[in-house]
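Taken in sequence, the protein lines are chains Z and C.
Numbered per the working numbering, the first sequence spans residues 1 to 206.
Numbered per the working numbering, the second sequence spans residues 1 to 342.
Worksheet: the structure to be examined is printed underneath.
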Amino acid sequence: MSDLALARRLIAGEEAAFDEFFTRYFQRLYRFALARLDGNEDAAEEVVQQVMIHALDRLPTYRGEAALLTWLCALCRREVGRRRERDGQAGEISLSDDHLEMRAALDLVAILQPDGPDQALHRRELSNAVHATLDHLPATYGDVLEWKYLHGLSVDEIASRLGIGYKAAESRLSRARAAFREGFSIAAGEWPDGLASPRSRTSEGS
Amino acid sequence: MNDLPSSTGASEEDQAVQLLRAAGPRPLAAAARAARVREAVHDRWQARSRWRVLRRRALTATALLTAAAALVVIAGRMVGGERSPAPREAGAIVATVERIDGQPRVADTTVPGDRRPMAVNDRVRSGEWVATDGAARVGLRFPDGTSARLDRSSRARLRSASALELTAGAVYVDSERSSGQFEVQTSLATAHDIGTQFEVRLIDSSLRLRVRTGSVELRSGTRSVSGHAGTEVMFTAAGAVSRPIAPFGPEWDWTASLVPPLATEGMALSTFLERTAREHGWTVTFQDPALAAEVSRIVLHGSYEGLPPADALDVAMTTSGLRHRLERGELSVLRPVDMRKR
């Protein structure tokens, strides 16, 4: 279902649309807020609740020109900014998936010594950047990549979870990898130390 | 977390996989958090959806412009009619009973005949109705610190941790300590506060908003009216009229009967005066700047629990060796007469 169609169904008050909206966006927005609120889970919960309420109130103004997630993230960024300002933290916001910030994070990762004192911090920034990329991929791509490479599911198991055939699952995995590389390189401009930019290569991974 | 990718010459697939593994799985909000947020957002969305449907109906029906105002009133009443009997499961705990006067009651519409007397420290869930008769009042505390006080002969449904729906009587809201996002929904309009103290009262087919501090926005469809400190707004389907009012006086007195308990042991007298004045809409002045500084160093001991606010003020001032005078909403703190003669 397109974002605009989802928005129209939400405005019409369809319960199934609300379920889809919440399932699609809650965890993504939560991570978006969490990365900007120094990992404060209570604050992230509050912010996401406000943002989702505000977004649903303002839904009739959504025209589908930007992805719904992009619109929600813009509202979330504003709400986080307000909160930090209220708490006297204005100017300290860390937008690790914003382009410049992500580039800086990756540059730092590239020059880090393996046992450097700031390693944990910069790994967290890298994680935020990767997670933000996954969250902005088309539907199920992020999940498919995590299932395969982090949870160790086989292609058969992924096919079964998605209710599709083996070949289709294999193809989706391939598209997901390509989308991840593309998304990450667009945002970051380059890859961490030791990894050539995918833009410089001509072949597509499978 | 796994090690960062560092190999050179790896295939693109390996690179993507290494990066994913270096980052680890995406964090997830705990199920309890997700459930809390879902419920709050869902409640608000549902109310908003119903309101939109009703508004569409009202707009269609107002083709005859001369009948517009009357139709909006009817539509507003239909909202109340649709909401009231709608059974739903009582949800998460969204407020705690802080003060009671008389015998307020709470009801869960999903349980036939459920109508329980309320007691201090009772928890109230979203979806539950709170009702007071002609001799009862109740003060509720929401998780963000907002105090909502229901006057006599009132009825309200708790929609979420930041919203209640008023269908009869009046509610006074003090959101000083919260983010100022509280809402009072009624069939005529929704009052959105911006860190403030205000009262919403339903009188026949009108909504009366009285703003003591801060400001409140009333929204109904495309209409929006702001009420600022010291303003009363009479809002009807046909229009709104504002007039200035005093933030103190007999019309506010009922809210003082539900003032939250104040832990005075170890409290600075200046804080006590500030809190008391806030609850009554008074301003505090001192006889001279030096006295203001002295008052901030005086520490209260003991509990004033159970004393009416005016009596607690008398006790605090007398035991501190000071005098006070209250005139036209101004609380003047004075030195003892004999001290000045010396």
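Every residue gets a Cβ at the ideal spot worked out from N, C-alpha and C, and that includes glycine.
Treat the numbers as computed from the prediction; the structure is a model and nothing was measured.
So, is residue i buried or exposed, given that buried needs 16 or more other C-beta atoms within 10 angstroms?
i: Y166 of chain Z; result: exposed
i: Q18 of chain C; result: buried
i: H42 of chain C; result: buried
i: E274 of chain C; result: exposed
i: G321 of chain C; result: exposed
i: D87 of chain Z; result: exposed
i: P308 of chain C; result: exposed
i: E337 of chain C; result: It is worth fixing the name first, because residue 337 of chain C is Val in this sequence and not Glu. So V337 of chain C counts as exposed.
i: Q181 of chain C; result: buried
i: E15 of chain Z; result: exposed
i: L37 of chain Z; result: buried
i: Q103 of chain C; result: exposed
i: S187 of chain C; result: buried
i: R58 of chain Z; result: exposed
i: D115 of chain Z; result: Confidence in D115 of chain Z is poor, its pLDDT being 48 and thus under 50, which makes the residue's placement too unreliable to answer from.
i: S49 of chain C; result: buried
i: D133 of chain C; result: exposed
i: N128 of chain Z; result: buried
i: R328 of chain C; result: exposed
i: R199 of chain Z; result: Annotation note: pLDDT 37 at R199 of chain Z (below 50); position unreliable, no value reported.
i: V120 of chain C; result: exposed
i: D19 of chain Z; result: exposed
i: L140 of chain C; result: buried
i: R297 of chain C; result: exposed
i: M52 of chain Z; result: buried
i: L126 of chain Z; result: buried
i: H301 of chain C; result: exposed
i: E98 of chain C; result: buried
i: H131 of chain Z; result: buried
i: A159 of chain Z; result: buried
i: A238 of chain C; result: exposed
i: D42 of chain Z; result: exposed
i: M1 of chain Z; result: exposed
In terms of residue numbering, what span does the beta strand (DSSP E) encompassing residue i cover?
i: H324 of chain C; result: R323 to E327
i: F286 of chain C; result: T283 to F286
i: P244 of chain C; result: A240 to P244
Within the continuous alpha helix (DSSP H) that includes residue i, where are the two ends?
i: R84 of chain Z; result: L68 to R86
i: S160 of chain Z; result: V155 to L162
i: R28 of chain Z; result: E15 to R36
i: S296 of chain C; result: P289 to R297
i: S270 of chain C; result: L269 to H280
i: E45 of chain Z; result: E41 to D57
i: L145 of chain Z; result: Y141 to Y149
i: V315 of chain C; result: P309 to T319
i: L334 of chain C; result: Taken as a continuous stretch (DSSP letters only), L334 of chain C belongs to no alpha helix (DSSP H), being part of the beta strand (DSSP E) at E330 to L334.
i: W371 of chain C; result: Outside the displayed span of chain C (1 to 342) sits residue 371 of chain C, for which this structure offers no information.
i: R9 of chain Z; result: D3 to I11
Thinking residue i and residue j are a contact (beta carbons under 8 Å), I'd like their distance in whole angstroms, please.
i: P260 of chain C; j: S147 of chain C; result: 6 Å
i: A256 of chain C; j: H280 of chain C; result: 6 Å
i: L158 of chain C; j: V124 of chain C; result: 6 Å
i: P247 of chain C; j: T213 of chain C; result: 7 Å
i: A229 of chain C; j: V211 of chain C; result: 6 Å
i: V200 of chain C; j: A163 of chain C; result: Contact flag wrong, Cβ pair sits at about 12 Å.
i: T236 of chain C; j: S205 of chain C; result: 6 Å
i: L207 of chain C; j: A189 of chain C; result: 6 Å
i: L72 of chain Z; j: L10 of chain Z; result: Not a contact, Cβ separation roughly 12 Å.
i: V295 of chain C; j: Y304 of chain C; result: Incorrect: roughly 17 Å between the Cβ atoms, too far for contact.
i: R137 of chain C; j: R149 of chain C; result: 7 Å
i: L145 of chain Z; j: R26 of chain C; result: Not a contact, Cβ separation roughly 10 Å.
i: A40 of chain C; j: S160 of chain C; result: 4 Å
i: G183 of chain Z; j: H136 of chain Z; result: 6 Å
i: E217 of chain C; j: S226 of chain C; result: 5 Å
i: V299 of chain C; j: A268 of chain C; result: 6 Å
i: T276 of chain C; j: E330 of chain C; result: Wrong, their Cβ atoms sit about 13 Å apart, outside the cutoff.
i: V37 of chain C; j: E45 of chain Z; result: 6 Å
i: E128 of chain C; j: D108 of chain C; result: 5 Å
Taking 7 Å as the cut-off, is the CB of residue i close to at least one heavy atom of the ligand NAD?
i: A95 of chain C; result: In the structure on display, the ligand NAD does not appear, and there are no ligands present to speak of.
If we require 3 or more residues per run, which beta strand (DSSP E) segments fall completely within the region 159-234 of chain C?
163-168, 170-174, 183-185, 190-203, 206-220 and 223-228
- Task: Return the residues of the region 312-337 of chain C that lie within a Cβ-Cβ distance of less than 9 Å from chain Z, sorted by chain order.
- Result: none
*Which parts of the region 92-151 of chain C are runs of the beta strand (DSSP E), unbroken and 3 residues or longer, counting only runs that do not cross its ends?*
93-101, 105-107, 123-125, 129-131, 137-141 and 147-150
Residues within the region 118-152 of chain C neighbouring chain Z, beta-carbon criterion of under 9 Å: D144
Exercise. Check each residue of the region 273-301 of chain C: if its Cβ is closer than 9 Å to any Cβ of chain Z, include it; give the result in chain order.
Key: none
*Taking only beta carbons into account, state which residues of the region 13-29 of chain C come closer than 8 Å to chain Z, listed in chain order.*
E13, Q15, A16, V17, Q18, L19, L20, R21, A22, A23, G24, P25, R26, P27, L28 and A29
Exercise. Between the region 6-40 of chain Z and chain C, which residues of the former have a C-beta closer than 8 Å to a C-beta of the latter?
Worked result: L10, I11, A12, G13, F18, F22, F26, Q27, Y30, R31 and L34
Within 7 Å of chain Z by C-beta, residues of the region 37-49 of chain C in sequence order:
V37, R38, A40, V41, H42, R44, W45, R48 and S49
| request: Please list the residues of the region 57-83 of chain Z that have a C-beta atom closer than 7 Å to any C-beta atom in chain C, keeping them in chain order. | output: D57
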